[in-house]
Amino acid sequence: MVENNSAKSVLQVGFLLALTALTGTGVMAFTNYHTKDIIEANQRQVLIRSLTSVLPNVEYDNDLIEDVITVTDQERLGSKSPLSIYRARYKSEPRAAVITSVAPNGYNGPIKIIVGIERDGVISGVRVVDHRETPGLGDAIDAQRSDWILGFTGRSSQNTSTAQWQVKKDGGEFDQFTGATITPRAVVKAVHNSLQYFETHRQELFVVTENADATDHLHHKTLSVTDQK
Ligand SMILES: Cc1cc2nc3c(=O)[nH]c(=O)nc-3n(C[C@H](O)[C@H](O)[C@H](O)COP(=O)(O)O)c2cc1C
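Following the working numbering, the residues of the sequence shown are numbered contiguously, the last one being 269.
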């Protein structure tokens, strides 16, 4: 009788343990699933906000995040990894591209930028999206710290010659910062390179890729002509 009772208790404890483990796993799976959704939605919002910030006067009616290609050109875009180019269209007509690129030679490492360029080759806006430049010295490239980055808006190859695409200290048009020339020099070069990439590839950049999976912006289409130098 005593043996019977203790066997029953062992079974009950075992059952309770199994139930607790199952409930825990279920709660974790549920939380993971929903957290992933929330993170993805947030990342999407951040991306939309940055893309919109460099297209202030561009009229478009497409979903920028879905209309994207990936390209590779280390010399012009500053990275050997594929980078995204978003296309803005109005009634299917190309209006602008947002090129993501990298200034590889920042003072403290690579500086990631986005460059909005209208179809006619005029820059609609530039923003730094990631950098590690020194606070109080190089970080004036950040739109939240100064207006310096707004100086690229309206620039093109037509109104700014190659010699002018430099900081003033090097004979160009763009201000350097007090005691910090390396950072703005790197950004000016990266913006100019992005513009030159746009001009070289203007035709292919707006081609609509037919086999595109428009629902999955994480699996970008890859531009087949990656470089034509
Ligand atoms: C601790 C420290 C941090 C610095 N951070 C930056 C920076 O973020 N960006 C920058 O352009 N220069 C920075 N500088 C200054 C550069 O070393 C350099 O003197 C400055 O960019 C001027 O360059 P130039 O001599 O080519 O004109 C920093 C210097 C020190 C000592």
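Beta carbons are placed, not taken as given, at the ideal position from N, Cα and C, and that holds for glycine.
Is it buried or exposed, residue i, if we count other Cβ atoms within 10 angstroms and call 16 or more buried?
| i | result |
| --- | --- |
| H232 | buried |
| L190 | exposed |
| T200 | buried |
| A230 | buried |
| Q206 | buried |
| D101 | exposed |
| D103 | exposed |
| D210 | exposed |
| F70 | exposed |
| V155 | buried |
Between the Cα of residue i and those of the options, spot the shortest distance and give me the residue it belongs to.
| i | options | result |
| --- | --- | --- |
| T124 | T110, G176, S49 and S164 | Residue 124 is actually Ser in this sequence, not Thr. Taking only the C-alpha atoms, the option nearest S124 is T110. |
| I157 | Q236, N72 and M68 | Q236 |
| G149 | D160, T140, R127 and T174 | T174 |
| D179 | W205, T193, Q204 and Q216 | Q216 |
| D160 | F238, A81 and S90 | F238 |
| R129 | N97, T140, Q114 and L117 | N97 |
| A183 | S90, V142 and K208 | S90 |
| F192 | R172, N102, E115 and V94 | V94 |
| V162 | G194, I154, V53 and A58 | G194 |
| V108 | E115, R116, L87 and I181 | L87 |
| E115 | P144, D103 and E99 | P144 |
Return helix, strand or coil for residue i, following the three-state DSSP convention.
| i | result |
| --- | --- |
| P96 | coil |
| I109 | strand |
| D179 | helix |
| G146 | strand |
| P134 | strand |
| T193 | coil |
| R159 | coil |
| R167 | strand |
| S141 | strand |
| L56 | helix |
| F70 | helix |
| L104 | coil |
| F246 | coil |
| S46 | helix |
| R84 | helix |
| S234 | helix |
Do residue j and residue i have their beta-carbon atoms positioned less than 7 angstroms apart in this structure?
| i | j | result |
| --- | --- | --- |
| P122 | F246 | no |
| T221 | Y147 | no |
| I139 | S234 | yes |
| V142 | G118 | yes |
Measure the alpha-carbon distance for residue i versus residue j and round it to whole angstroms.
| i | j | result |
| --- | --- | --- |
| T249 | I105 | 14 angstroms |
| R225 | R127 | 27 angstroms |
| T92 | V169 | 13 angstroms |
| L263 | K208 | The pLDDT assigned to L263 is 47, lower than 50, so where the model puts this residue is not dependable, and the model offers no usable value. |
| G212 | Q198 | 15 angstroms |
| D187 | A137 | 22 angstroms |
| G66 | T75 | 14 angstroms |
| T240 | I153 | 19 angstroms |
| L56 | E80 | 36 angstroms |
| T202 | G176 | 29 angstroms |
| T255 | R84 | Because the pLDDT of T255 is 36, which lies under 50, any placement of that residue in the model is unreliable, and the number read from its coordinates should be weighed accordingly. When rounded, the distance between both Cα atoms is 13 angstroms. |
| T112 | K120 | 7 angstroms |
| S132 | N82 | 27 angstroms |
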